[in-house]
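Student:
What follows is the structure, encoded as structure tokens:
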């Protein structure tokens, strides 16, 4: 899967929550270092750092749907750790310990928000709201990017038995309609294919497409009616 920070920068929810979690962790780490805390508290701190980095990677690779259950489990454990820190240090009058507890409180709040967001099913109010905030998932003109799937633009694709020969002036490619479609993707937005490029697929928001490979900016896809073509990956989410 391609690592794309645009999936984070382009979504205010992901950007804000990851930013707050990072700030909380820095405050927590600084408080722990200044107060010279020893013991299992450092395990909690390192655990939370790994969790935040893991969530960042899952978002940037568009892999949240793959690891949702694992992330929710780790978040639940992390919340317990942070609450233990808060309970043990929030009432201490020493500023360093208060900073330690304040950082843990930041992280705990963000973790609760993530549990709600990542636990929401596609089509729910929370899930649709988060997806609607995404800027990077809906480019202004995806056709500015040359397709890099396994067949050239400007050729007609249609389903049917056997193989589909497709040619252009530079190359000749043979693509089988019975290719192994290893993934399924959900359309996040409506997309209207260009009339100048007959390889593109039109689809509507919420439609499920079969995908051959989820690498690149354009994916070879097949609709439920058997139509084969290419679709901009920015408009799709692997499920």
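Residue numbers (UniProt numbering): 1 to 239.
Ideal Cβ placement from N, Cα and C applies to all residues, glycine included.
1) Is residue 114 helix, strand or coil by DSSP?
2) What does the Cβ neighbour count give for residue 229, buried or exposed, with the cut at 16 atoms within 10 Å?
3) Go through its chain and collect everything with a Cβ distance to residue 4's Cβ below 8 Å, but skip five positions before and after it.
4) Would a C-beta distance cut-off of 8 Å place residue 207 and residue 187 closer than the cut-off?
5) Can you tell me whether DSSP reads residue 152 as helix, strand or coil?
6) Along the chain, where does the alpha helix (DSSP H) containing residue 87 start, and where does it finish?
7) Which class does residue 189 belong to by DSSP, given the choice of helix, strand or coil?
8) In the DSSP output, which residue or residues are listed as bridge partners for residue 209?
9) Identify whether residue 232 lies in helix, strand or coil by the three-state DSSP scheme.
10) Is residue 196 helix, strand or coil by DSSP?
11) If you drop the 5 nearest sequence neighbours on each side, which residues of the same chain put their C-beta closer than 6 Å to that of residue 81?
12) Which residue or residues does DSSP assign as beta-bridge partners of residue 203?
13) Tell me which same chain residues have a C-beta within less than 7 Å of the C-beta of residue 28, skipping the five on either side of it?
14) In or out: residue 31 buried (at least 16 other Cβ within 10 Å) or exposed?
15) Can you tell me which of 35, 232 and 237 puts its alpha carbon nearest to the alpha carbon of residue 93?
Tutor: According to the data block:
1) Residue numbering aside, residue 114 sits at position 114 when the chain shown is read from its first letter. Here residue 114 sits in helix by DSSP.
2) Residue 229 sits at position 229 when you count from the first residue of the chain shown. The residue in question, residue 229, is buried, as its Cβ has 16 or more Cβ neighbours within 10 Å.
3) In the chain shown, the residue the question calls residue 4 occupies position 4. The residues are 60, 61, 62 and 136.
4) As a first step, residue 207 must be located in the chain shown, where it is residue number 207. As a first step, residue 187 must be located in the chain shown, where it is residue number 187. In this structure, residue 187 lies closer than 8 Å to residue 207 by Cβ.
5) What you label residue 152 is simply residue 152 of the chain shown in a count that begins at 1. With a pLDDT of only 43 at residue 152, under the threshold of 50, the placement of this residue in the model should not be trusted; the figure read from the coordinates follows. In this structure, residue 152 counts as coil in the three-state DSSP scheme.
6) Residue 87 sits at position 87 when you count from the first residue of the chain shown. Where residue 87 is concerned, the enclosing alpha helix (DSSP H) stretches over 64–89.
7) Residue numbering aside, residue 189 sits at position 189 when the chain shown is read from its first letter. Residue state, collapsed to three classes: coil.
8) Along the chain shown, one-based indexing puts residue 209 at 209. DSSP, once it has assigned bridges, lists 185 as partnering residue 209.
9) Here the question's residue 232 lines up with position 232 in the chain shown. In the three-state DSSP reduction, residue 232 falls in the strand class (E or B).
10) Walking along the chain shown from the start, residue 196 turns up at place 196. In the structure shown, residue 196 sits in coil (DSSP, three-state: anything other than H, G, I, E or B).
11) Here residue 81 is taken as the residue at index 81 of the chain shown, counted from 1. Closer than 6 Å at the Cβ level, and outside the excluded window around residue 81, lie 44.
12) The count along the chain shown starts at 1 and reaches residue 203 at position 203. Per DSSP, 191.
13) By 1-based counting over the chain shown, the position of residue 28 is 28. 45, 100, 103, 104 and 107.
14) Numbered from its first residue, the chain shown carries residue 31 at position 31. Flag for residue 31 reads buried.
15) Against the chain shown, residue 93 aligns to sequence position 93. Measuring from the Cα of residue 93, the nearest candidate turns out to be 35.
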